[in-house]
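In this note's numbering, the protein residues as written are 36 to 273.
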């Protein structure tokens with residue numbers, strides 16, 4: 036649901052090389068590949084990497100944001116979506132991403148926003164770590180994220196909020212359905228274990244209606260209220 040603003044900020048063009056750090060099951064890689072962009076992914080989950088290799092692109096490696104397995108100045112653009120909140124040393128991770136970016140290259144970061152309606156979700160209030168996920172921090176304030184990027188050698192060029200109210204409810208519902216089957220969530224590949232269950236199939240049918248509505252809500256409401264579940268911030272390598 037945040038892919039539209041992320042890819043708009045990324046502004047990747049044919050002939051450019053894009054890296055998705057923490058690519059999960061490769062949703063962004065699929066969208067980029069469909070546009071003819073040379074895309075690469077890394078993830079710490081070997082199961083996720085294998086899935087991406089088998090279904091989307093062979094340009095995927097096991098690796099972390101602290102030791103990206105590519106030489107300096109390799110990529111034109113980098114996506115770092117819904118990962119930084121799981122990282123102990125966010126500055127170290129961003130500096131490593133900066134290393135593999137070409138001069139003037141761009142990073143797009145998305146992460147939970149403290150300006151969202153439910154940064155402290157109902158699941159967390161009940162004692163669950165967001166469906167079993169381990170978050171080092173619940174999110175960032177806009178100024179805090181911008182300062183972290185600047186400290187890491189980037190010049191911020193744009194920011195917007197994404198995922199208004201309905202999107203947050205969809206995320207909560209997805210996590211509840213997932214937790215009916217599994218109590219922990221360590222990587223997107225864990226979703227493969229529940230995708231054939233009846234509750235998840237029912238959820239997928241609901242999402243066909245809810246996701247388009249949430250995207251419309253996002254376009255209409257986030258510019259007015261300047262709030263949303265996610266910060267999406269773009270910055271260029273200084």
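Each residue gets a CB set at the ideal place from its N, CA and C atoms; glycine is no exception. Predicted model only: the values in this text are computed from it and were never measured.
Measuring straight from C-alpha to C-alpha, what distance separates residue i and residue j?
i	j	result
residue 163	residue 172	Low per-residue confidence applies at residue 163: pLDDT is 43, beneath 50, and the placement is therefore not dependable enough to give any value.
residue 188	residue 62	28 Å
residue 185	residue 115	16 Å
residue 49	residue 254	27 Å
residue 96	residue 88	9 Å
residue 194	residue 76	24 Å
residue 258	residue 252	10 Å
residue 237	residue 244	12 Å
Can you tell which of the options has the C-alpha that lies nearest to the C-alpha of residue i?
i	options	result
residue 81	98, 148, 65, 262	98
residue 57	190, 143, 241	143
residue 261	137, 145, 196	196
residue 183	268, 84, 245, 76	268
Bridge partners of residue i, per DSSP?
i	result
residue 172	None, per the DSSP bridge assignment.
residue 269	143, 193
residue 53	74, 112
residue 99	102
residue 181	None; residue 181 has no bridge partner.
Assuming residue i and residue j are in contact, meaning their beta carbons sit under 8 Å apart, how far apart are those beta carbons, in whole angstroms?
i	j	result
residue 140	residue 107	Between residue 107 and residue 140 the Cβ distance is about 11 Å, and since that is not below 8 Å, they are no contact.
residue 145	residue 117	6 Å
residue 178	residue 150	Incorrect: roughly 11 Å between the Cβ atoms, too far for contact.
Leaving aside the five residues before and after residue i along the sequence, list all residues of the same chain whose C-beta is less than 8 Å from its C-beta, in chain order.
i	result
residue 123	171
residue 131	100, 101, 102, 103
residue 90	61
residue 276	Residue 276 is absent from the structure shown; the chain starts at 36 and stops at 273.
residue 138	108, 272
Please return the same chain residues whose Cβ sits closer than 7 Å to the Cβ of residue i, not counting the five positions on each side in sequence.
i	result
residue 74	53, 55, 64, 67, 68, 92, 94
residue 190	270, 271, 273
residue 147	120, 154, 173, 174, 264, 265
residue 44	143, 193, 267, 269
Who are the Cβ neighbours of residue i in its own chain at under 6 Å, not counting the five residues just before and after it?
i	result
residue 70	none
residue 135	103, 105, 109, 110
residue 181	191
Taking only beta-carbon atoms, is residue i less than 8 Å away from chain B?
i	result
residue 66	The structure shown contains no chain B; it is built from a single protein chain.
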